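If you're matching them up, the sequences are chains A and B in order. Each number in the numbering used here corresponds to the 1-based position in the first sequence with 2 added. Each number in the numbering used here corresponds to the 1-based position in the second sequence with 12 added. Glycine included, each C-beta is placed from N, C-alpha and C at the ideal position. Everything numeric in this text was worked out from a predicted model, so none of it was measured. Heads up: the structure comes next, in structure tokens.
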Amino acid sequence: MSAKESIAPPMAAAKMPASPNKTGAWRFERPILEDRLAPCSEACPLGENIPAIMSLNSRGAFKEAYGEIRKENPFPGICGKICFHPCERVCNRGRFDEPVSIQELEFLVTVLSRDGVSGIEERHGPSLQRVAVIGGDIAGLSCAYFLRLLGYTVTILEPGARLRVFDLPTKGSDLNTKYLESDVKSVLDIGIDLRIRTTPEAIYYHQLVKEFQAVYVSPGAVDSEAREFLKGPDVYSVYNAIEVERMIRDGNPLPLRGKVAVTGSAREALKTAMSVKAIGGEPVVLVPFFPDDLEHMAEDLEDAERKGVSLKFGSAPFALSERDGRISGLACFKAGKGRFLEAKRRGPESEQTGSFEQRAEAVIIASPEKTGVNLMPPILQETGLVVVFPDRFPRARSRKLGKEKDLSRAVVRHMSEGKQAALSLDLCLRKRPFEEIYSVAVGRLGALSFEAYKMNHPHRYQRPLGNVVRAADLNPAYFKKAPRIKPSSPENGLTRRQGVLSARRCFQCGRCNSCQTCYQYCPDLAISVEPETGRPEIDYDHCKGCGICFKECPRGAISLQRE
Amino acid sequence: MAKVRVKEELVYPGSFACPGCGLMMAFRHVLRVLGRNTAVVTTAGCGSVVAGSYPQTISKVPFFHCSFGTAASTAAGLKAGYDMMGKRSINVLAWAGDGGTFDIGLQSLSGAAERNEDIIYVCYDNEAYMNTGVQRSSGTPMGAWTTTTPRESLEDRPKKKMAAIMAAHEIPYIATASVSYPEDLDRKIRKAKGIKGFRFIHIIVPCPTGWLYPASETVRLGREAVLSRIFPLFEIMAGKKYRLSPMGAKTPVREYLVSQGRFKGLSEKDISLIQEKVDEYWSELEELAARSRESHS
Numbered sequence: 003m004s005a006k007e008s009i010a011p012p013m014a015a016a017k018m019p020a021s022p023n024k025t026g027a028w029r030f031e032r033p034i035l036e037d038r039l040a041p042c043s044e045a046c047p048l049g050e051n052i053p054a055i056m057s058l059n060s061r062g063a064f065k066e067a068y069g070e071i072r073k074e075n076p077f078p079g080i081c082g083k084i085c086f087h088p089c090e091r092v093c094n095r096g097r098f099d100e101p102v103s104i105q106e107l108e109f110l111v112t113v114l115s116r117d118g119v120s121g122i123e124e125r126h127g128p129s130l131q132r133v134a135v136i137g138g139d140i141a142g143l144s145c146a147y148f149l150r151l152l153g154y155t156v157t158i159l160e161p162g163a164r165l166r167v168f169d170l171p172t173k174g175s176d177l178n179t180k181y182l183e184s185d186v187k188s189v190l191d192i193g194i195d196l197r198i199r200t201t202p203e204a205i206y207y208h209q210l211v212k213e214f215q216a217v218y219v220s221p222g223a224v225d226s227e228a229r230e231f232l233k234g235p236d237v238y239s240v241y242n243a244i245e246v247e248r249m250i251r252d253g254n255p256l257p258l259r260g261k262v263a264v265t266g267s268a269r270e271a272l273k274t275a276m277s278v279k280a281i282g283g284e285p286v287v288l289v290p291f292f293p294d295d296l297e298h299m300a301e302d303l304e305d306a307e308r309k310g311v312s313l314k315f316g317s318a319p320f321a322l323s324e325r326d327g328r329i330s331g332l333a334c335f336k337a338g339k340g341r342f343l344e345a346k347r348r349g350p351e352s353e354q355t356g357s358f359e360q361r362a363e364a365v366i367i368a369s370p371e372k373t374g375v376n377l378m379p380p381i382l383q384e385t386g387l388v389v390v391f392p393d394r395f396p397r398a399r400s401r402k403l404g405k406e407k408d409l410s411r412a413v414v415r416h417m418s419e420g421k422q423a424a425l426s427l428d429l430c431l432r433k434r435p436f437e438e439i440y441s442v443a444v445g446r447l448g449a450l451s452f453e454a455y456k457m458n459h460p461h462r463y464q465r466p467l468g469n470v471v472r473a474a475d476l477n478p479a480y481f482k483k484a485p486r487i488k489p490s491s492p493e494n495g496l497t498r499r500q501g502v503l504s505a506r507r508c509f510q511c512g513r514c515n516s517c518q519t520c521y522q523y524c525p526d527l528a529i530s531v532e533p534e535t536g537r538p539e540i541d542y543d544h545c546k547g548c549g550i551c552f553k554e555c556p557r558g559a560i561s562l563q564r565e
Numbered sequence: 013m014a015k016v017r018v019k020e021e022l023v024y025p026g027s028f029a030c031p032g033c034g035l036m037m038a039f040r041h042v043l044r045v046l047g048r049n050t051a052v053v054t055t056a057g058c059g060s061v062v063a064g065s066y067p068q069t070i071s072k073v074p075f076f077h078c079s080f081g082t083a084a085s086t087a088a089g090l091k092a093g094y095d096m097m098g099k100r101s102i103n104v105l106a107w108a109g110d111g112g113t114f115d116i117g118l119q120s121l122s123g124a125a126e127r128n129e130d131i132i133y134v135c136y137d138n139e140a141y142m143n144t145g146v147q148r149s150s151g152t153p154m155g156a157w158t159t160t161t162p163r164e165s166l167e168d169r170p171k172k173k174m175a176a177i178m179a180a181h182e183i184p185y186i187a188t189a190s191v192s193y194p195e196d197l198d199r200k201i202r203k204a205k206g207i208k209g210f211r212f213i214h215i216i217v218p219c220p221t222g223w224l225y226p227a228s229e230t231v232r233l234g235r236e237a238v239l240s241r242i243f244p245l246f247e248i249m250a251g252k253k254y255r256l257s258p259m260g261a262k263t264p265v266r267e268y269l270v271s272q273g274r275f276k277g278l279s280e281k282d283i284s285l286i287q288e289k290v291d292e293y294w295s296e297l298e299e300l301a302a303r304s305r306e307s308h309s
């Protein structure tokens, strides 16, 4: 002991840090930092990662934002003008003051960075496989785009003199020819072959099979050229209710004379089945429900049974099956009681009680808009050619569109249809079960994420796809009211500066943007900030579970879990 | 919210503070801004309890426990000692609760303030004697329940206006702050650090245990207290020049009151009485601020 220290009177001095006290043992609720899904992303039919796009925009990084949009959407220029922007309707900011100008920003991003076309970022799967897309409409181009990004060699076969996407009505709508052309060009530029003026013979089945492993028939082509295509081996005795009505009216009901499987919405299916019965067919109606669920149409059911229509309850068709190049029937899941009602979603749920095959010579999909059938591409086993038909939405045919609202909905729906087709084709060619597609569903409204699909294979970081952030999960105390910025003229849209300011209005729902609020307020120093990324980390040895971080997180990126 | 630069933390985790403790939040912010070159003196209270029991401590800087009510005089003595040793740059922080400031410590505080000792005195105000089991102090607001003002006879005297008492000493700097506004709190501590003489900072620290609310609401109540003006934020320079920091649009005091269990017994009449008092105090402060703007412009 030195002389200097001995001057001090004897006293107790504590020199041990308190950190060995594991106060985390007091906790009964555990805060978890995990990114959640923003409602705008869920509502977007293409599942764009809108908070990420807005974050880039707010920093003025419009080129990067363009790349981010193009991960999910091949046509930002078209969408920026005519999309029906369901994202803005559900924007949490809309509850606070006014929704973020998501659509105007999408357009601005395209204007500012049209040349920044992203190439093929990553290939996976054998790129030698060749896919044909019949019909160059929006869905066809979208499908081709995503297939190309997955590494396939894609050829668009267009029977017309030019891509039919240019037949979209540009007069009297917001659709701008300039951006339509530049969007289409940037899609083709990633390396998609285009053959125009293809002859009907070129899309005969036996021609296609020589060159391609798979074929996608776009919705615009399905009516005319596909018919030619069907003339060949006659494998596709699949009809929709409208076609059936027409065939009966035209007196050409020959394919419907044998055993016919009918599915779709229960009411439509029954109606169609009765017409088939009337001309001498043997319809079997497949419904995923049980008579108890269909009490409201008990009379119709009785009537149909009396007329000799056979009804199979609790069967949920999921794929066409074929034998020797012909339709042999529909593969169905046996539905558990109640499953399909509570889920209200397309497709089978996990707890099926088994599956069976309903034999049939033709298949009718009545009211496909509501059907539980995913037209799982049937694998033609002899030849290995995979053919995908689009889900046939009656209103979604581009040639029949006139009204603005229908146009925008149909165009956007075609884009997402093309994406779905590309993903299901890929699954099919890789011999994976179709249900895997649900693992990349963005939320519960039916959009699929291409980025997540691509990432899924090496099990790398995935963007959040579930657990939607609601307005009540946000903390309004951190946001100031700011009115939506109106562009000076609707044609020109926002300026760069206005774009940055508009993007700053985004709450970034569910996305930790390293604001450090949780770190500032943690009373127990249980949250530290990763110096490089700025991302907080929770120290569960000391976190007492007070829940302040959960309550205070401005954007609902922290959730509490009972322990 | 603006980003606060991440500085070195001078508090260890693992304290025995209740979950959601506002005092811990205040303590770590104050120490972080004052930095390593600081010595803390604390008197009996929550602050000395959560600081750790022998041989443990939560503080990375010297932390001196003194007898009850003597935080100001001990800190003054410590400062004088450091000065004699030639260590003039050390910040001496007196850290005391509302009991150790408003009631028992008032005499030593007044003495030190009157002598204008060169220390920073921070009062963390949780509005009662919390660590001994929620007994009323003169910092307890009107209408609040404590174990010594039970539901049958709730606190009927208004909260002591500590800042006004301190202003009467004409010390160089007085500020009130809330843990819910860390940037404002940091700014005030930083300002105090740069001033010589006696500096008094009064921080409201919501207490889930004594105020009877769920632990996760601490920050929200600290914010409501400021927005409703029941705990107004302001600074007083040289005992005369007032400056208000309102932090946002005024909200009714009712929202602040009804979310706490300690105000459960209040009738509508009581609430409107409290609102009246709050409005009165706020307009007084506004007047003072306006007057000091005039005289200094």
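Legend entry - beta strand (DSSP E) segment containing residue 33 of chain A, residue limits: 31 to 35
Legend entry - the stretch 61 to 74 of chain A in contact with the stretch 90 to 97 of chain A per 3-pair CB rule at 8 Å: no
Legend entry - Per DSSP, the bridge partner or partners of residue 136 of chain B: B:109, B:215
Legend entry - Neighbourhood of residue 49 of chain B by C-beta, 7 Å cutoff - its chain only, sequence neighbours within 5 removed: 101, 102, 103
Legend entry - Cβ neighbours of residue 577 of chain A in the same chain (closer than 7 Å, five flanking residues each side left out): In the structure as shown, chain A starts at 3 and stops at 565, and residue 577 of chain A therefore has no counterpart that could be examined.
Legend entry - DSSP-derived helix/strand/coil call for residue 77 of chain B: strand
Inset, instruction - Can you check the stretch 17 to 56 of chain B for any beta strand (DSSP E) of at least 3 residues that lies completely inside it and give the ranges in chain order? - result: 50 to 54
Inset, instruction - Please name the residue in A:494, A:417, A:558, A:270 whose C-alpha comes closest to that of residue 510 of chain A. - result: A:558
Inset, instruction - Closer than 7 Å, Cβ to Cβ, to anything on chain A: give me those residues from the stretch 64 to 78 of chain B, in chain order. - result: From the stretch 64 to 78 of chain B, only 64, 66, 67, 68, 69, 70 have a Cβ closer than 7 Å to chain A.
Inset, instruction - Tell me, please, whether the CB atom of residue 85 of chain B is closer than 8 Å to any CB atom in chain A? - result: no
Inset, instruction - Determine the contact status of residue 54 of chain B and residue 83 of chain B, defining contact as a CB-CB distance below 8 Å. - result: yes
Legend entry - Near-chain A residues of the stretch 150 to 172 of chain B (beta-carbon distance less than 7 Å), N- to C-terminal order: none
Inset, instruction - Within the stretch 454 to 537 of chain A, note down every full beta strand (DSSP E) run reaching 3 residues or more, in order along the chain. - result: 529 to 531
Inset, instruction - Give the range of the alpha helix (DSSP H) segment to which residue 162 of chain A is assigned. - result: Careful: residue 162 of chain A lies outside any alpha helix (DSSP H) and carries neither H nor E.
Legend entry - Member of B:140, B:264, B:215 whose CA lies at the smallest distance from the CA of residue 57 of chain B: Closest by alpha carbon: B:140.
Inset, instruction - Would you tell me roughly how many angstroms separate the C-alpha atoms of residue 208 of chain B and residue 250 of chain B, rounded to the nearest one? - result: 11 Å
Inset, instruction - Could you tell me whether any Cβ in chain A is nearer than 8 Å to the Cβ of residue 82 of chain B? - result: False, the Cβ-Cβ gap to chain A never drops below 8 Å.
Legend entry - CA-to-CA distance, residue 283 of chain B to residue 276 of chain B, given in whole angstroms: 11 Å
Inset, instruction - Mind listing the chain A neighbours of residue 23 of chain B? Cutoff is C-beta to C-beta under 7 Å, in chain order. - result: 527
Inset, instruction - Tell me whether residue 548 of chain A sits in a helix, a strand or coil according to DSSP, three-state version. - result: Residue 548 of chain A: coil per DSSP, three-state reduction.
Legend entry - For residue 154 of chain A, three-class secondary structure by DSSP: coil
Legend entry - C-alpha distance - residue 401 of chain A paired with residue 98 of chain A, whole-angstrom precision: Unreliable positioning characterises residue 401 of chain A in this predicted model, as indicated by a pLDDT of 35, which lies under 50. The coordinate reading is nonetheless provided below. Inter-residue distance for residue 401 of chain A and residue 98 of chain A is about 40 Å (C-alpha atoms, whole angstroms).
Inset, instruction - Starting from residue 185 of chain B, trace the beta strand (DSSP E) both ways and give me its first and last residue. - result: 185 to 190
Inset, instruction - Would you decide whether residue 200 of chain B is buried or exposed? Buried here means 16 or more other CB atoms lie within 10 Å of its CB. - result: buried
Inset, instruction - Leaving aside the five residues before and after residue 495 of chain A along the sequence, list all residues of the same chain whose C-beta is less than 6 Å from its C-beta, in chain order. - result: These residues qualify, in order along the chain: 106, 109, 110, 489.
Inset, instruction - Could you tell me how far apart the beta carbons of residue 562 of chain A and residue 33 of chain A are, in whole angstroms, since I believe they sit closer than 8 Å? - result: 6 Å
Legend entry - Beta carbon proximity, residue 542 of chain A to chain B, threshold 8 Å: no
Legend entry - Beta-carbon neighbours of residue 511 of chain A, restricted to chain B and to distances below 9 Å: Going along chain B, no residue has its Cβ under 9 Å from residue 511 of chain A, so there is no contact; the nearest lies around 16 Å.
Legend entry - 8 Å Cβ shell around residue 256 of chain B - same chain, five flanking residues per side excluded: 244, 245, 246, 297, 298, 301
Legend entry - Three-state secondary structure (DSSP) of residue 19 of chain A: strand
Inset, instruction - Specify the secondary structure class of residue 591 of chain A as computed by DSSP and reduced to three states. - result: In the structure as shown, chain A starts at 3 and stops at 565, and residue 591 of chain A therefore has no counterpart that could be examined.
Inset, instruction - Taking residue 172 of chain B and residue 154 of chain B to be in contact with their CB atoms under 8 Å, please state how far apart those CB atoms are, rounded to whole angstroms. - result: Contact flag wrong, Cβ pair sits at about 11 Å.
Inset, instruction - Within 10 angstroms of the Cβ of residue 190 of chain B, are there 16 or more other Cβ atoms? Answer buried if so, exposed if not. - result: buried
Legend entry - Neighbouring residues, chain A, relative to residue 45 of chain B (Cβ below 7 Å): Simply none; closest approach about 13 Å.
Inset, instruction - Determine which residues share a DSSP beta bridge with residue 261 of chain A and list them. - result: A:284
Legend entry - Any chain B beta carbon closer than 8 Å to residue 34 of chain A: The beta-carbon of residue 34 of chain A is placed no less than 8 Å from the nearest beta-carbon of chain B.
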